[in-house]
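*Asks:* Quick mapping for you: the protein sequence lines, in order, are chains A, B and C. Going by the working numbering, the residue at position 415 of the first sequence is 415; the numbering climbs one at a time, nothing skipped. So the working numbering is basically just the index in the second sequence, starting at one, shifted up by 1000. So the working numbering is basically just the index in the third sequence, starting at one, shifted up by 2000. Cβ atoms here follow ideal geometry from the backbone N, Cα and C, with glycine treated the same way. Just dropping this structure here.
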Amino acid sequence: MRFLFKTGYAQDTRLFPFGGTGRFWAGLALYAAILVALAHYAPVALNATHWLAVAIVYAVVFGAVLLRQNADGEGGHAAFWYGLLGVGALSAPFVLDLYFLSQITFVYVYAIAGVGLILLLGMCGQISLGHAAFMACGAYTAGLLQAQGFDLLVTLPAAILLSAALGVVIGLPALRMTGIYLAFATYAFAFIVEEVLARWDGLTGGNMGFVLSDPSILGYTFDSEQKMYYLAMALFVLTLLAGLNIRRSSTGRAFMAIRDSETAAEAMGVNLAVYKTTAFAISAGMAGLAGAVYAHLLFFISPEGFTIFLSINLLVLAVIGGLASMHGAVFGAAFIVVLPQLISLTKDSLPPVVGQLPGLESGIFGLVIILFVIFEPMGIHGRWMKIKTYFQLFPLYKRGTFKRQKSYMVSEKNR
Amino acid sequence: MTLLDVENLAVHFGGIKAVDGVGFGVDKGEIFTIIGPNGAGKSTIFNLISRIYEPTSGRIRFEGKDITAVPAHRVAGLGIARTFQNIELFDMATVLDNMMLGRHAHRRTGMLAHLFFGPRTRAEELAHRRKVEEVIDFLDLQHYRDQMIANLPYGVRKVVELGRALCTEPKILLLDEPSSGLNVEETEDMSFWISDIKNILGITVVMVEHDMNLVNEVSDRVLALNYGRVIAAGTPAEVQAHPEVIRAYLGTDETEAA
Amino acid sequence: MDRVLGRIWWLLAASAVIAFFSPPVLWLFGVMDGAGLTLYLQQVVSGTANGCVYALVALGIVLIYKATETINFAQGELMMVGAFLAFTFITMYGFGFWIGAALAVAGGVLFGMATDRAIIRPVVGQPVFAIVMVTLGFGFVVRAVVSMIPGWGTDTYALATPFSGADLRLGALVVSQDYAAIIVSTLVLVAFLFVFFRYTRLGVAMEASSENQLAAYYMGIPVKRVYTLIWGLSAGVAAFAGLLLAPVTFIHTQMGFGVVFKAFPAAILGGFGSIPGAIVGGLIIGIVEALAGFYLPEGFKDVAAYVVLLVVLLLKPEGIFGRVVVKKV
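The following block contains the structure:
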């Protein structure tokens, strides 16, 4: 038994297995500091090549620091790769042009909502066709409070809390429903919320929409694309951490238990009502946060921006990204932001007969969804795991590693 | 000392009297078996004690306190653990996750703390893991630790189900047909474990069982049910010799009315 | 708690029935005049006609669900394709109404069977949610492809039917022939389906395949063929619904999308998985919508269906005719 304590299943509770976490954070903080210093005190106008060089040099040093093995002789590989990703993400505003930067910002925003939806759908097994309503709640809360003169320190927590409260309101009746019933109950709620937003002219401006201005914290205004990028990135990282923390805690296990067998979960002491409602609340709160940032990115919100199409987009995000893990949120968000752009781009290079066809975008969107579900049901994250495992096990990887036995359909009525 | 006391318990589903006035007491530290033909209401009694079903009448007392109105999710916290006849494991999770969930009733940190995963949460996770490892050692599940339930054979799943119940550190363990679907060797292992649970861990066991060899090997007292009513109670030998019990299992010479 | 909700359910259901029958009663007692009653009846008739269309689409959804436990979000698109086929055969190729209609329904059946073979069969066995995503994606694809087909495209078309003529008059009540045709045809189709399922083994085979596919295979049920047949049948019903709806809303690529989001509440209201429930649910939604649009202030018409849905789900989560399945542990 001693060796168990020594390797520490403590490593199982870490975000990065086998350590390196402390050095990761230290390295990243150091990098951010260098970035800020260079931005302020550089004698010459630094262009993209300079920044790339700085990034590469730092990544090498960073990696070397991380790879220094810990006492058990195990390395911090995951921390290194995430560190590199973090370095890239921090440098992006200096290297990419504004259009791509704003697209990545949108990816962060959708990913925040995606983490919430994957938590609800993938971990807890509850379907929600109404997440657009939570985003709308967060967006309008942020906008209305900003109009009253409050800054982000008030509007963001308010958006989260109000959306979470709405999530509880929707989650409570949801306790008695499952599957398609739950899906349409959530959709009905969302539809009613949308109608309320449209009809309540006095408060929300109705269908004319609502205009927002640059957000600010304690006098510091986020008035450029780069600043909004950092804001969105920071909020996304915090949301992701919260999601990962839930996943490795007993709350996350309870969620998964509810998904797989409610009876057994109850027998083990899980209060179904409390946990299901909490799952809805957390998920809705995250969607509300996403909605608030979304509103500040667009500067204009109206009920038409939060219809069933947005809810379906979020669902596609979750399913295509991969329901099994929080990483799926990023993959899925990238998918729903990038694919329409890709289609628009390739439209121009296709012969006009094909390229000018109306409805091509949604058609290809639908086709990709179908292909993913048929050929890669575990989503992009699943494919990523397979690729990673291939490299890890090389040359011993077998194609059947992730294959499950052919399953026959069994009624879900008896779950 | 009577740990579990069931008094005049009855549950009616529409016109069907699944359990009809059943009463028994389980003493601390004994192995109490309930036998009876299929449909006699044995699992139903477990479901009533676990508070999955609402009794139509009767009382259930545990450690002297009336638990007839306790909500289902509080039962584990009281010290009552159970396994299920048709294995209710969490298929999409690993053995370790399943067993860690058994510790749910003993958590001391709240959901908000889990959001931040501070030092107290980490310490609690490690403490739970230590306890779960003890149960894994007890049941020899080490090399199944990280496998998904969906990939495990039936015999191993039954053991994991037992392990998950043990992780709740119960005072009384309700086992619903622990040997169903197991071969001779696995049934022997199960009988050793049940005896160890009583002798080493000091947990009271209430068991529903069909395998009479197993019943004779481990039980201290036996209760026989038929059509939701008690027909005999006593030591294994007494109950198996009881004419009513023999009639229930083997029938009589007269043809039953169809 | 369940008992309290059950009581509230009966209270609300009773009030709804009373409210529904109150105008005729008020008229009988002279409180409401003939004009008021006529207006009321107009709304009921138009609501019933709309409700029949919702009911047929809901029926198609429930049929597929009963057989395969798949939730087909593309049912509206099946209806839309049927309507376009009707337009093609009747107007473009000039076959005349009855032959064109028959061809359209047959075409719809084939389209449904092809959909099952191509899209649904590869994903059977995956969790229900994955299959829902496939149908959602398929809906996108169908809408896009239909808008690309020359001759169909993004225009709106009218359908000439033998019923587009003079309106029927029942006393002071004016009922357009289209509405009458919809109601009568729906009755005929439902009767046909009832007989079909009663006197063939398909009904039983259907339920068996949805409960446990592997066991159904062992019992000699050709499960895949049953699925394909059901998809064909459901698509045929959808094409029929498209045919009925075309004179009212005209044929265009978005016609299915709007209907499907009323048809699902109809199916759920009736108890998802119950065929009579789908019909009843559709009629209720149609009539409630029509009456809400007439008597309630603006904006309530759209929300009415969903409010009814929410109320029913809160009080009776399994719907009107739904069965509560409690897992036995």
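Using 8 Å as the Cβ pair cut-off and three pairs as the minimum, do the stretch 1195–1207 of chain B and the stretch 1117–1134 of chain B touch?
*Replies:* No, the stretch 1195–1207 of chain B does not touch the stretch 1117–1134 of chain B.
*Asks:* Using the Cβ count rule (16 or more neighbours within 10 Å means buried), how would you classify Leu1101(B)?
*Replies:* Leu1101(B) comes out buried.
*Asks:* For Ala329(A) and Ser163(A), which I take to be in contact (beta-carbon distance under 8 Å), what is that distance rounded to the nearest angstrom?
*Replies:* Contact flag wrong, Cβ pair sits at about 17 Å.
*Asks:* Could you round the C-beta distance between Ile1049(B) and Ile1060(B) to whole angstroms and report it? I think they count as a contact, below 8 Å.
*Replies:* With 8 Å as the limit, Ile1049(B) and Ile1060(B) qualify as a contact, their Cβ atoms being about 6 Å apart.
*Asks:* By the criterion of Cβ-Cβ separation under 9 Å, what are the contact partners of Ser311(A) in chain C?
*Replies:* Going along chain C, no residue has its Cβ under 9 Å from Ser311(A), so there is no contact; the nearest lies around 11 Å.
*Asks:* Would a check of beta-carbon distances place Ala1322(B) closer than 8 Å to chain A?
*Replies:* Lying outside 1001 to 1258, the shown extent of chain B, residue 1322(B) is not represented and no answer is given.
*Asks:* Closest to Met2255(C) by CA distance: which of Pro2265(C), Ala2241(C), Val2307(C) and Leu2314(C) is it?
*Replies:* When each option's Cα is compared against that of Met2255(C), the closest is Ala2241(C).
*Asks:* Near His50(A), which residues of its chain fall below 7 Å by C-beta distance, leaving aside the five closest residues on each side in sequence?
*Replies:* There are no such residues.
*Asks:* For chain C, is any of its Cβ atoms less than 8 Å away from the one on Ala1258(B)?
*Replies:* Low confidence applies to Ala1258(B): its pLDDT is 48, below 50, so where it sits in the model is not reliable, and the reading given next is rough at best. It does not; no Cβ of chain C falls within 8 Å.
*Asks:* Is any beta-carbon of chain C found at less than 8 Å from that of Lys1017(B)?
*Replies:* So, not an interface residue.
*Asks:* Using a beta-carbon distance below 8 Å, is Asn1047(B) in contact with chain C?
*Replies:* Judged by the 8 Å Cβ criterion, Asn1047(B) is in contact with chain C.
*Asks:* Rounded to the nearest angstrom, how far is the Cβ of Glu1088(B) from that of Val2288(C), given a contact under 8 Å?
*Replies:* Not a contact, Cβ separation roughly 41 Å.
*Asks:* Would you call Leu2310(C) buried or exposed, if buried means 16 or more other Cβ atoms sit within 10 Å of its Cβ?
*Replies:* The residue in question, Leu2310(C), is buried, as its Cβ has 16 or more Cβ neighbours within 10 Å.
*Asks:* Check whether the Cβ of Arg423(A) lies closer than 8 Å to any Cβ atom in chain C.
*Replies:* Chain A is shown from 1 up to 415; residue 423(A) falls before or after that span and cannot be answered.
*Asks:* Given that Leu244(A) touches chain C, what residues does it touch there, using C-beta distances under 9 Å?
*Replies:* Under the 9 Å cutoff, chain C gives no residues; its nearest Cβ is about 23 Å from Leu244(A).
*Asks:* Counting only runs that start and end within the stretch 2200–2265 of chain C, where is the alpha helix (DSSP H) found for 4 or more residues in a row?
*Replies:* Runs found: 2202–2211, 2213–2218 and 2223–2249.
*Asks:* Can you tell me which of the three DSSP states Lys995(B) falls into?
*Replies:* Since the first residue of chain B shown is 1001 and the last is 1258, residue 995(B) is not available in this structure.
*Asks:* Quick one: is Val2123(C) buried, meaning 16 or more other Cβ sit within 10 Å of its Cβ, or exposed?
*Replies:* By the 10 Å Cβ count, Val2123(C) comes out buried.
*Asks:* Could you spell out where the alpha helix (DSSP H) holding Asn313(A) opens and where it closes?
*Replies:* Ile308 to Gly321 is the span of the alpha helix (DSSP H), which, as asked, contains Asn313(A).
*Asks:* Counting along the chain, where does the alpha helix (DSSP H) carrying Arg1108(B) start and finish?
*Replies:* From DSSP, Arg1108(B) is part of no alpha helix (DSSP H); its letter is neither H nor E.
*Asks:* Could you give the C-beta distance for His131(A) and Leu117(A), rounded to a whole number, given that I count them as a contact under 8 Å?
*Replies:* Yes, His131(A) and Leu117(A) are in contact; Cβ-Cβ is about 6 Å, under 8 Å.
*Asks:* Closer than 8 Å, CB to CB, is Met326(A) near chain B or not?
*Replies:* No, no contact with chain B.
*Asks:* Drop a sphere of 10 angstroms on the beta-carbon of Ala254(A), count the other beta-carbons inside from all chains shown, and report buried for 16 or more, exposed for fewer.
*Replies:* By the 10 Å Cβ count, Ala254(A) comes out buried.
*Asks:* If you run the structure through DSSP and keep just helix, strand and coil, what is Glu1007(B)?
*Replies:* Glu1007(B): strand per DSSP, three-state reduction.
*Asks:* Just the Cα atoms here: how many angstroms apart are His1128(B) and Pro1170(B)?
*Replies:* Cα to Cα, His1128(B) sits roughly 15 Å from Pro1170(B).
*Asks:* From what residue to what residue does the alpha helix (DSSP H) around Ser1043(B) run?
*Replies:* Run containing Ser1043(B): Lys1042 to Ile1049, per the alpha helix (DSSP H) assignment.
*Asks:* Assess, as a yes-or-no matter, whether the stretch 2200–2210 of chain C is touched by the stretch 2136–2154 of chain C under the definition of 3 or more beta carbon pairs within less than 8 Å.
*Replies:* At 8 Å Cβ cutoff, the stretches do not touch.
*Asks:* Excluding the 5 residues flanking Gln226(A) on each side, which residues of the same chain have their C-beta closer than 6 Å to its C-beta?
*Replies:* If we look at Gln226(A) and ignore the five residues flanking it on each side, its Cβ neighbours are Pro93.
*Asks:* Give me the Cα-Cα distance between Phe306(A) and Leu28(A), rounded to the nearest whole angstrom.
*Replies:* Rounded to whole angstroms, Phe306(A) to Leu28(A) spans 36 Å at the Cα level.
*Asks:* Is Gly332(A) near Gly382(A), with beta carbons less than 8 Å apart?
*Replies:* Not closer than 8 Å, so no.
*Asks:* In the DSSP assignment, what are the bridge partners of Leu1101(B)?
*Replies:* The partner list for Leu1101(B) (beta bridge, DSSP) is empty, contrary to what the question assumes.
*Asks:* Where does Ala1232(B) fall in DSSP's three states?
*Replies:* Looking at Ala1232(B) - three-state DSSP - the assignment turns out to be strand.
*Asks:* Taking just the CA atoms, how far does Val1208(B) sit from Gln1147(B)?
*Replies:* Looking at the two C-alpha atoms, the distance is approximately 29 Å.
*Asks:* Counting pairs of Cβ atoms below 8 Å between the stretch 2301–2310 of chain C and the stretch 1063–1080 of chain B, do you hit three or more?
*Replies:* Segments in contact, no.
*Asks:* With a 10 Å radius around its C-beta and 16 neighbouring C-beta atoms as the bar for buried, classify Val1019(B) as buried or exposed.
*Replies:* Classification for Val1019(B): buried.
*Asks:* Is there a Cβ from chain B that is less than 8 Å from the Cβ of Glu266(A)?
*Replies:* Judged by the 8 Å Cβ criterion, Glu266(A) is in contact with chain B.
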